[in-house]
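Residues 554 to 1014 (our numbering) make up the sequence shown, in order.
C-beta atoms are modelled at their ideal positions from N, C-alpha and C, and glycine is treated no differently.
Each remark here refers to the structure printed beneath this line.
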Amino acid sequence: MPKSPRRMKIGINMVQNGAHNSGWRHPDANAGIANDFKGYARIIQKAEAQKLDFMFLADGAAVRIPHKDAEELSRHGHIDRFEPLTLLAAMSAVTEHIGLICTASTTYNEPYALARKFASLDHISGGRAGWNVVTGWSEEEALNFSRDALMEHSERYERANEFFDVVTGLWNSWDDDAFVRDKEEGRYFRPEGMHLLNHKGPHYQVRGPLNLERSPQGHPVIAQAGGSGPGRDLGARIADIIYTGQKDKAIAQEFYADMKARVAAAGRDPDAVMIMPGMMPIIGATEAEAQAKLDELKALVHPAVGLQLISKMFGDLSGYDPDALMPLPLPDSNGVKSAIEQWERRLAKTPMTIRQVYEEISISSGHNVCCGTVEQIADVMQDWFETGACDGWNLMAPYMPGGAEEYLDLLVPELRRRGLAQSEYSGDTLRARLGLESRPNPLSGKDGAGSVSDEPIAMSH
């Protein structure tokens, strides 16, 4: 039997009310969709009808926009958002096949609670859950979790590695067939099928077991987006999907090759880890029409919003003429180091004005913007896919719902016509549909190997 052709993986990145910071101002935007479940649901149901692999929700437990006062903040559109696990649990009830992936931070959660939440979502959705592992990057989140400042970059990743190991260890608390629920014998589970974690590390102490049977996928799909050295190492060790944000194909190919090499060095199959950059398609019947749409979106960015939006990465530029070239070098930051490094490389190669930089970052959260006809955009996606720059795409919309409906109605069918996108869902779980191997419990049938199921369990009353 001939080998099936390689298929492009496609996700929909549901950035609140659109990935463009000022997209809510677009005449056709639903400005309140960030708090409109039915609005979200209609978009995801359309994405499922187009057979997209998954929906993705980024998240942060704060209003993560630096601001000096409420007046300054009031011009920004990325303020309100649903708690993602709550939203995905609700979304699982109105969809059947599409994967449900969201962000949860290792810095601002506890491993036991998070392991339980994702295992619960996996059960509720019938094996469609995915966890995007992040360490958090904003000072604003730190202030909401009894901290005075963002934890140092190296410490965040040290904790993240231990956090992940605790979560996955808890997901292996039970054999797949541990819960026999034998009414006649009066036995609810097999004692040898329970495995206590008893983790004692530098940052966490977690006994277990998880109070939930093993979920349909065993381990929900793992996504990760760190582009710094420690971030890439973490992704190579744990991730099934690597999110990234390259705009230049050569840089994307460099990242792709580096990540595949790191995955192999970690003892894993590079073909089993998908590299998926974000892309915002701006579609027109002609190239000129698409450019006019893009120009309209750029014009929505108020200068105060643009300058303040990039201040975290580029420093305070309010004293500069917005049409002056962006000054280099960029200031050091404890935030997203990979994004800063990528911008320094781009600006050294192709100087841009301050206005051009903030317009670009505002419109796509720093991701690739592809402007043109359906055929032109599909050509770019196919070229990157076939020349070692990506394994698929995370599609973003500048505003909702029209920005998403446009690429779902026009672009995805063109990719399917080219044989790049799937026509039907196959497999029982998200892991299976993505072509990933199942994750059996390594402790099954190994009494004493990570299992102390005969240890007395103290009961609280």
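Query	Result
Among 985, 749 and 993, nearest to residue 683 - alpha-carbon criterion	985
Nearest-angstrom beta carbon gap, residue 993 and residue 771 [assumed within contact, 8 Å]	7 Å
Boundaries (first-last residue) of the beta strand (DSSP E) holding residue 714	From DSSP, residue 714 is part of no beta strand (DSSP E) but of the alpha helix (DSSP H) over 706-724.
Segment contact, 8 Å Cβ cut-off, at least three pairs: the region 600-610 with the region 648-657	yes
Candidates 578, 619 and 635: closest to residue 568 by CA position	635
Residue 917 versus residue 926 - alpha carbon distance	18 Å
CA nearest to the CA of residue 969, picked from 731, 931, 791 and 910	931
Span of the beta strand (DSSP E) around residue 922	921-925
Option in 899, 796, 769 and 792 with minimal Cα separation from residue 829	796
C-alpha distance - residue 739 paired with residue 731, whole-angstrom precision	14 Å
Delimiting residues of the alpha helix (DSSP H) encompassing residue 818	802-818
Where the beta strand (DSSP E) containing residue 763 begins and where it ends	Counting along the chain, residue 763 falls outside any beta strand (DSSP E), and DSSP gives it neither H nor E.
Between the CA atoms of residue 856 and residue 894 - distance to the nearest angstrom	24 Å
4 or more residues per run - each alpha helix (DSSP H) lying fully within the region 558-633	590-602 and 623-626
Bridge partners - residue 952, DSSP secondary structure assignment	Residue 952 pairs with nothing; no bridge assigned.
6 Å Cβ shell around residue 898 - same chain, five flanking residues per side excluded	none
Proximity of residue 726 and residue 747 at Cβ, strictly below 8 Å	yes
Which residues DSSP lists as bridging residue 945, in chain order	562
Buried versus exposed, by CB contacts within 10 Å (16 or more), residue 570	buried
C-beta atoms of residue 877 and residue 906 nearer than 8 Å	yes
Rounded C-alpha distance that separates residue 972 from residue 793	23 Å
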